[in-house]
Amino acid sequence: MSGATPFQTVGPFFRFGLIFDGCNLPVGAGDGARIAIEGTVRDGDGAPVPDALLETWQADAAGRYRHPEDGRAAPSDRPFDGFRRAATDPEGRFRLETVKPGPVPGPPNRLQAPHLVVGVFARGLLTRLVTRIYFEDEAANDQDPVLELVPTGRVPTLVAKRIAEGRYRFDIVLQGKDETVFLAP
Amino acid sequence: MTGLRPYRPIPTGTHPPNDFAAYGSTRLRHPKEPPVAIPQTLSEITGPVTGFERFGPLEVDLTAQHASPAQGERIVVEGRVLDEDGRPIAGTLVELWQANAAGRYRHDADQHDAPLDPNFSGAGRAVTDAEGRYRFVTIKPGAYPWRNHANAWRPAHLHFSLFGPSFLTRLVTQMYFPGDPLLPHDPIFNSTADPAARARMVSSFDFALTKPEWALGYRFDMAVRGRSATPMDAEV
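Here the protein sequences come in this chain order: A and B.
Counting from 1, one number per residue, gives the positions in the first sequence under our numbering.
Counting from 186, one number per residue, gives the positions in the second sequence under our numbering.
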């Protein structure tokens, strides 16, 4: 056999198969500054999407990924590993509780501003959409090697707004006005 | 970032387009803007490869999760998780969810007039062995109606979710059964343009997996995005 298996939609009924109490490892003392990222997923009519699944992947507070290809000192024995999974509720809302990641290496001799990479799945999406969550209180956004590839007027769709200490808002618009920038790495 | 080996683009026609009118739910959910091409950085090359125990104990026999055996046609589904070049991916999580024998999901939003089976939940998870192999025992799911178009029925299918070694190897797909008469009529299956790629979503009946007096066996290999042989040495 050769060749990739095609993507198919996650469909409307994934919840009982993919969402469990334990699917998000706890954030412990020493993992970094705790944050919550909350938002709503909306469709091209502005209607909430009640059956979307989000997955996020991120570095730790020191900007290290828990993965064998991150050659820097690996984040040891702490439980949090950088992965989060959340489904939207009937009003299309989601909430991710995590830690603020540090800056991570980018293309040669560049640093990337703190960010999460995001996968979006839903009924009506035949593949996974990929995007990123940046943070509005990070000055490094101005020098970020990925954000600089995004048309200036659309950059705000990738930047979470700070709504309180440790709380950010990040909305996802699948289509139309203020459509979120999706990425093709 | 030097030294990282990038993942190759998937050939056109393998993955479906998100703008696919025959599947009605795509209409308001597909982005209208093309995706912005970005380089593969450490953020994308890495991904969750540990901690799969968070999902709870492995559940590889979906027929035996309750007091009594699940109802329906018992099947064995076995296969390997590979990359596009056929190299096995060991130690990766395989999640499975599905409808029951009557074509009903254990989900509040499923209103299909078919019975739930109190002895069948329909979700399982496995981790691949050193050869990339997984194996489930389950029930062959029923076809079920949906409202996409007149007299629309989904062919019997299992939902599979895979991680692989990177954020870029994430795959969610569906496994179909050979000879299903609904396949030519299903817009989701046919959203993949390349017939050879489409065929990779159809399992094969396998006597070697079939257990006498007990269960039919189906073989289903899945392949995630493959990798370039050489490291990237400059910005993409």
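All C-beta atoms in this analysis are idealised placements derived from N, C-alpha and C, irrespective of residue type, glycine included.
The closest CA to that of A:T9, considering only B:D298, B:A400, B:A414 and B:S376, is found on B:S376. By the Cβ test, the segment 393 to 407 of chain B is not in contact with the segment 333 to 340 of chain B, since fewer than three Cβ pairs between them sit closer than 8 Å. Annotation: the segment 121 to 161 of chain A contains the following complete segments of the beta strand (DSSP E) (minimum length 3 residues), in chain order: 129 to 135.
Non-local C-beta neighbours of A:N24 in its own chain, meaning closer than 6 Å and more than five positions away in sequence, comprise R84, ordered along the chain. According to the DSSP assignment, A:E38 belongs to the beta strand (DSSP E) that extends over R34 to R42. Following the DSSP letters along the chain, one finds B:P330 inside the beta strand (DSSP E) bounded by residues Y329 to W331. Chain B has no Cβ within less than 8 Å of the Cβ of A:F170. At a cut-off of 8 Å between C-beta atoms, B:Q359 counts as an interface residue with respect to chain A.
Per the Cβ contact rule, the segment 268 to 284 of chain B is in contact with the segment 11 to 30 of chain A (3 or more Cβ pairs under 8 Å).
For the segment 234 to 265 of chain B, the residues whose beta carbon sits under 7 Å from a beta carbon of chain A are, in order, V234, T235, G236, R239, F240 and G241.
Taking all protein chains shown into account, B:S413 has fewer than 16 neighbouring C-beta atoms within 10 Å of its C-beta and is therefore exposed. Against chain B, the CB of A:F135 has no partner CB under 8 Å away; the residue lies outside that interface.
When C-beta atoms of the segment 196 to 213 of chain B are compared with those of the segment 113 to 129 of chain A, three or more pairs fall below 8 Å, so the two segments count as touching. The way I'd put it, the segment 160 to 180 of chain A doesn't touch the segment 314 to 330 of chain B; fewer than three beta-carbon pairs between them come closer than 8 Å. Contact annotation: the segment 219 to 230 of chain B touches the segment 57 to 73 of chain A, with at least three C-beta pairs closer than 8 Å.
Residues of the segment 211 to 226 of chain B whose Cβ lies closer than 7 Å to any Cβ of chain A, in chain order: T211, L213, R214, H215, P216, K217, E218, P220, V221, A222, I223, P224, Q225 and T226. Contact check for A:E38 against A:G119 fails: the beta carbons are separated by 8 Å or more. Inter-residue distance for B:I223 and A:R154 is about 15 Å (C-alpha atoms, whole angstroms). Under DSSP, B:I324 forms a beta bridge with B:R259. In this structure A:G46 is exposed. Its beta-carbon is surrounded by fewer than 16 other beta-carbon atoms within 10 angstroms.
With respect to the 8 Å criterion, B:A384 and B:G198 are not classified as neighbours on the basis of their beta carbons. Assigned with DSSP and collapsed to three states, B:A286 falls in coil, not helix or strand. Residues of chain B with a Cβ closer than 8 Å to the Cβ of A:Q143 do not exist, since the nearest Cβ in that chain sits about 14 Å away. For B:L213, the three-state secondary structure derived from DSSP is coil. Taking all protein chains in view, the Cβ of B:K217 is surrounded by fewer than 16 other Cβ atoms within 10 Å, so the residue is classified as exposed. Here B:V261 is near B:L394, since their CB atoms are less than 8 Å apart.
Cβ neighbours of A:I172 within its own chain (closer than 6 Å, five residues either side excluded): V41 and T180. Of all alpha-carbon atoms in A:D43, A:F94 and A:L116, the one lying nearest the alpha-carbon of A:P103 is that of A:L116.
The way I'd put it, the segment 255 to 270 of chain B does touch the segment 401 to 411 of chain B; three or more beta-carbon pairs between them come closer than 8 Å. For B:Y403, the closest Cβ of chain A is not nearer than 8 Å.
At a cut-off of 8 Å, the C-beta of A:A86 has no neighbouring C-beta in chain B.
In the structure shown, A:F7 falls within a coil segment according to DSSP collapsed to helix, strand and coil.
Between A:R162 and B:T235, the alpha-carbon positions lie close to 31 Å from each other.
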